[in-house]
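The opening residue of the sequence shown carries number 1 in UniProt numbering; numbering runs sequentially from there. Don't be surprised by glycine CBs; every beta carbon is placed ideally from N, CA and C. Keep in mind it's a predicted model, so treat the numbers as computed, not measured.
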Amino acid sequence: MFKPLLWSFRWKDLDVTSDKDDIILNTINEGTLAHWRWIIDTYGKKTIRKTLEKRLASELHPESKNLARVVFDIKKFRYVR
């Protein structure tokens, strides 16, 4: 289910815990509603919010960023100065 979203990873080496930030980011950008539900069930909204708040806003697609802001109650994203 996630292979198309995580194409740049070695699938056999992927770890749900240590690769969480990249899994969350790729899922927010490219995932379906089913993918979003999985990361919410797996990591929780609070963890996803914290992960997205520390990533650069430019790493997110504009439409994904807007939806994530609403779903995960994100107050601000990081921007390059």
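Between the CA atoms of residue j and residue i - distance to the nearest angstrom
i, j, result
"K75", "K45", "14 Å"
"residue 136", "V80", "Residue 136 falls outside the range modelled here, since the chain spans only 1 to 81, and no answer is possible."
"V71", "K65", "10 Å"
"R37", "I28", "11 Å"
Burial state of residue i, where buried means 16 or more other Cβ atoms lie within 10 Å
i, result
"L33", "exposed"
DSSP bridge partner residues for residue i (one or two, in chain order)
i, result
"R37", "Paired residues: none, contrary to the question."
"R78", "L56"
C-beta neighbour in chain D for residue i, strict 8 Å
i, result
"Y43", "Any reference to chain D falls outside this structure, which holds one protein chain only."
Candidates the options: closest to residue i by CA position
i, options, result
"L67", "K12, T17, G31 and L14", "G31"
"E59", "K12, F77 and D73", "F77"
"D15", "E63, W36, T42 and R55", "T42"
"D73", "H61, T47 and P62", "T47"
"F39", "R55, T17 and A57", "The sequence as given places Ile at residue 39; Phe does not occur at that position. I39 has its Cα closest to that of T17, out of R55, T17 and A57."
The ligand FAD heavy atom lying under 7 Å from the CB of residue i
i, result
"D21", "In the structure shown, the ligand FAD is absent, as is every other ligand, since no ligand is present at all."
**Prompt:** When the Cβ atoms of the segment 12-24 are set against those of the segment 48-59, are three or more pairs found closer than 8 Å?
**Reply:** Output reads yes: the segment 48-59 touches the segment 12-24.
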